[in-house]
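Structure record follows, encoded as C-alpha coordinates.
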Amino acid sequence: MWLLPLPVIWWTALLTAGSWIPGKALFEQLSELAAAMNHPFSLCWTGNSVRFLLLFSLIYAAAAVAAVSSRKNFRRGEEYGSAQWGDVFRIVKRYQDQKHPTQNLILTQHFQMGLDGHKHKRNTNVLVIGGSGAGKSRSYAIPNALNCGDCSLVICDPKAGATRS
(Lines of atoms letter the chains of each structure in order from A and count residues from 1; the text may use other names and numbers.)
(Lines give C-alpha, C1' and ligand atoms only; values in the text may rest on other atoms or scores of the structure.)
Protein backbone atom coordinates (compact mmCIF):
# COMPACT_ATOMS: atom_id res chain seq x y z
CA MET A 1 0.00 0.00 0.00
CA TRP A 2 2.85 2.35 0.80
CA LEU A 3 4.45 1.64 -2.59
CA LEU A 4 1.49 2.87 -4.65
CA PRO A 5 2.39 6.60 -4.49
CA LEU A 6 6.03 6.00 -5.48
CA PRO A 7 5.48 6.53 -9.25
CA VAL A 8 3.90 9.91 -8.50
CA ILE A 9 6.81 10.77 -6.19
CA TRP A 10 9.32 9.78 -8.88
CA TRP A 11 7.41 11.71 -11.54
CA THR A 12 7.51 14.81 -9.32
CA ALA A 13 11.23 14.27 -8.72
CA LEU A 14 12.00 13.99 -12.44
CA LEU A 15 9.86 17.03 -13.22
CA THR A 16 11.67 19.03 -10.53
CA ALA A 17 15.08 17.79 -11.68
CA GLY A 18 14.32 18.84 -15.26
CA SER A 19 13.37 22.35 -14.20
CA TRP A 20 16.27 22.77 -11.75
CA ILE A 21 18.95 25.18 -12.88
CA PRO A 22 21.94 25.46 -10.51
CA GLY A 23 22.85 28.96 -9.37
CA LYS A 24 19.42 30.54 -9.76
CA ALA A 25 17.48 32.12 -6.90
CA LEU A 26 14.64 30.26 -5.21
CA PHE A 27 11.87 32.33 -6.80
CA GLU A 28 13.34 31.78 -10.26
CA GLN A 29 13.51 28.04 -9.54
CA LEU A 30 9.85 28.07 -8.50
CA SER A 31 8.84 29.89 -11.69
CA GLU A 32 10.76 27.26 -13.72
CA LEU A 33 8.92 24.51 -11.80
CA ALA A 34 5.56 26.20 -12.49
CA ALA A 35 6.42 26.34 -16.19
CA ALA A 36 7.34 22.64 -16.10
CA MET A 37 3.97 21.88 -14.47
CA ASN A 38 2.22 23.34 -17.52
CA HIS A 39 3.78 20.49 -19.56
CA PRO A 40 3.59 17.56 -17.09
CA PHE A 41 4.65 14.82 -19.51
CA SER A 42 7.77 16.50 -20.83
CA LEU A 43 10.19 14.70 -18.53
CA CYS A 44 13.89 14.75 -19.26
CA TRP A 45 16.87 13.00 -17.71
CA THR A 46 19.51 15.38 -16.38
CA GLY A 47 22.59 15.11 -14.21
CA ASN A 48 20.49 15.94 -11.15
CA SER A 49 17.83 13.29 -11.81
CA VAL A 50 19.42 10.60 -9.64
CA ARG A 51 19.89 13.05 -6.77
CA PHE A 52 16.29 14.24 -6.95
CA LEU A 53 14.95 10.68 -7.18
CA LEU A 54 16.90 9.70 -4.06
CA LEU A 55 15.97 12.89 -2.21
CA PHE A 56 12.25 12.60 -2.95
CA SER A 57 12.26 8.87 -2.14
CA LEU A 58 13.99 9.50 1.19
CA ILE A 59 11.56 12.28 2.08
CA TYR A 60 8.63 10.00 1.22
CA ALA A 61 10.13 7.13 3.25
CA ALA A 62 10.66 9.43 6.26
CA ALA A 63 7.06 10.66 5.99
CA ALA A 64 5.78 7.07 5.76
CA VAL A 65 7.81 6.00 8.80
CA ALA A 66 6.55 9.03 10.75
CA ALA A 67 2.95 8.23 9.78
CA VAL A 68 3.25 4.57 10.80
CA SER A 69 5.04 5.29 14.08
CA SER A 70 2.56 7.97 15.15
CA ARG A 71 -0.48 5.72 14.84
CA LYS A 72 -2.33 5.35 18.09
CA ASN A 73 -3.69 2.08 19.33
CA PHE A 74 -7.42 2.81 19.35
CA ARG A 75 -9.85 0.20 20.56
CA ARG A 76 -13.22 1.30 19.25
CA GLY A 77 -16.17 0.49 21.49
CA GLU A 78 -14.00 0.21 24.60
CA GLU A 79 -13.66 3.89 25.43
CA TYR A 80 -14.56 3.35 29.07
CA GLY A 81 -12.04 0.59 29.75
CA SER A 82 -11.74 -3.09 29.16
CA ALA A 83 -10.45 -4.33 32.50
CA GLN A 84 -11.30 -7.90 33.36
CA TRP A 85 -10.74 -10.05 36.40
CA GLY A 86 -7.76 -12.34 36.00
CA ASP A 87 -8.19 -16.09 36.02
CA VAL A 88 -6.12 -17.45 38.93
CA PHE A 89 -5.40 -20.78 37.28
CA ARG A 90 -4.13 -19.15 34.09
CA ILE A 91 -1.87 -16.82 36.09
CA VAL A 92 -0.60 -19.74 38.20
CA LYS A 93 0.52 -21.55 35.04
CA ARG A 94 2.67 -18.57 34.14
CA TYR A 95 4.31 -17.98 37.51
CA GLN A 96 4.39 -21.32 39.31
CA ASP A 97 7.39 -23.63 38.98
CA GLN A 98 5.64 -26.85 37.93
CA LYS A 99 8.82 -28.97 37.81
CA HIS A 100 10.00 -28.11 41.32
CA PRO A 101 6.99 -27.57 43.61
CA THR A 102 9.28 -26.94 46.58
CA GLN A 103 10.77 -23.93 44.78
CA ASN A 104 7.60 -21.83 45.07
CA LEU A 105 6.56 -19.09 47.47
CA ILE A 106 3.10 -19.80 48.84
CA LEU A 107 1.23 -16.52 48.52
CA THR A 108 -2.42 -17.66 48.75
CA GLN A 109 -4.28 -20.96 48.87
CA HIS A 110 -4.39 -21.20 45.07
CA PHE A 111 -1.42 -19.06 44.02
CA GLN A 112 2.24 -19.92 44.27
CA MET A 113 5.07 -18.08 42.57
CA GLY A 114 8.34 -19.69 41.54
CA LEU A 115 11.59 -18.41 42.99
CA ASP A 116 13.29 -18.27 39.58
CA GLY A 117 13.10 -14.53 38.91
CA HIS A 118 14.73 -14.89 35.48
CA LYS A 119 11.88 -17.08 34.25
CA HIS A 120 8.90 -14.87 35.11
CA LYS A 121 10.66 -11.48 35.54
CA ARG A 122 8.98 -10.74 38.86
CA ASN A 123 10.41 -9.65 42.18
CA THR A 124 10.12 -12.33 44.87
CA ASN A 125 10.58 -10.04 47.86
CA VAL A 126 7.61 -10.13 50.23
CA LEU A 127 6.82 -7.91 53.22
CA VAL A 128 4.16 -9.29 55.57
CA ILE A 129 2.59 -6.66 57.82
CA GLY A 130 -0.02 -7.25 60.48
CA GLY A 131 -0.80 -6.71 64.10
CA SER A 132 -0.03 -9.16 66.89
CA GLY A 133 -2.05 -12.34 66.59
CA ALA A 134 -2.93 -11.70 62.93
CA GLY A 135 -1.38 -15.00 61.83
CA LYS A 136 1.66 -13.73 59.98
CA SER A 137 3.88 -16.56 61.14
CA ARG A 138 1.18 -19.24 61.06
CA SER A 139 -0.20 -18.43 57.60
CA TYR A 140 2.85 -17.18 55.69
CA ALA A 141 6.28 -17.53 57.31
CA ILE A 142 6.12 -21.13 58.59
CA PRO A 143 4.46 -22.67 55.45
CA ASN A 144 7.04 -20.99 53.21
CA ALA A 145 9.94 -21.99 55.47
CA LEU A 146 8.76 -25.62 55.38
CA ASN A 147 8.05 -25.59 51.64
CA CYS A 148 11.31 -23.90 50.63
CA GLY A 149 13.58 -25.86 52.94
CA ASP A 150 16.58 -25.81 50.58
CA CYS A 151 16.21 -22.12 49.66
CA SER A 152 17.55 -18.97 51.26
CA LEU A 153 14.84 -17.15 53.18
CA VAL A 154 15.19 -14.17 55.50
CA ILE A 155 12.52 -14.18 58.19
CA CYS A 156 12.66 -11.46 60.84
CA ASP A 157 11.11 -12.85 64.00
CA PRO A 158 11.87 -10.54 66.94
CA LYS A 159 10.06 -12.63 69.58
CA ALA A 160 11.25 -15.99 68.16
CA GLY A 161 7.69 -17.28 67.90
CA ALA A 162 8.35 -18.99 64.58
CA THR A 163 11.45 -20.69 65.96
CA ARG A 164 9.46 -22.26 68.81
CA SER A 165 6.73 -23.44 66.42
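Going by the working numbering, the first residue of the sequence shown is number 6, and it counts up by one from there. Heads up, the beta-carbon is just placed ideally off N, CA and C, and yes, glycines get one too.
Quiz item: Within this structure, are the beta carbons of ILE111 and GLN117 separated by less than 8 angstroms?
Solution: yes
Quiz item: Are the CB atoms of TYR145 and VAL159 nearer to each other than 8 angstroms?
Solution: no
Practice problem: Can you have a look at LEU20 and say buried or exposed, based on whether 16 or more other CB atoms are within 10 angstroms of its CB? | Solution: buried
Quiz prompt | Bridge partner(s) assigned by DSSP for GLN117 | solution = ILE111
Quiz item: Count the other CB atoms within 10 Å of the CB of GLY86; is the residue buried (16 or more) or exposed (fewer)?
Solution: exposed
Quiz prompt | Three-state class that DSSP yields for ARG80 in the structure shown | solution = coil
Practice problem: Whole angstroms is fine: what's the gap from PRO12's alpha carbon to ARG81's? | Solution: 34 angstroms
Quiz item: Below 8 angstroms between beta carbons: does that hold for THR113 and CYS153?
Solution: no
Exercise. Report yes or no: do three or more beta-carbon pairs, one from the segment 43 to 58 and one from the segment 86 to 98, lie closer than 8 angstroms?
Key: no
Quiz item: Should TYR100 and ARG76 be called a contact, given that it needs their Cβ atoms to be closer than 8 angstroms?
Solution: no
Quiz item: If you follow the alpha helix (DSSP H) that SER24 is part of, which residue opens it and which one closes it?
Solution: 11 to 24
Quiz prompt | HIS105 - DSSP class collapsed to helix/strand/coil | solution = coil
Quiz prompt | CA nearest to the CA of VAL73, picked from MET6, HIS125, LEU60 | solution = MET6
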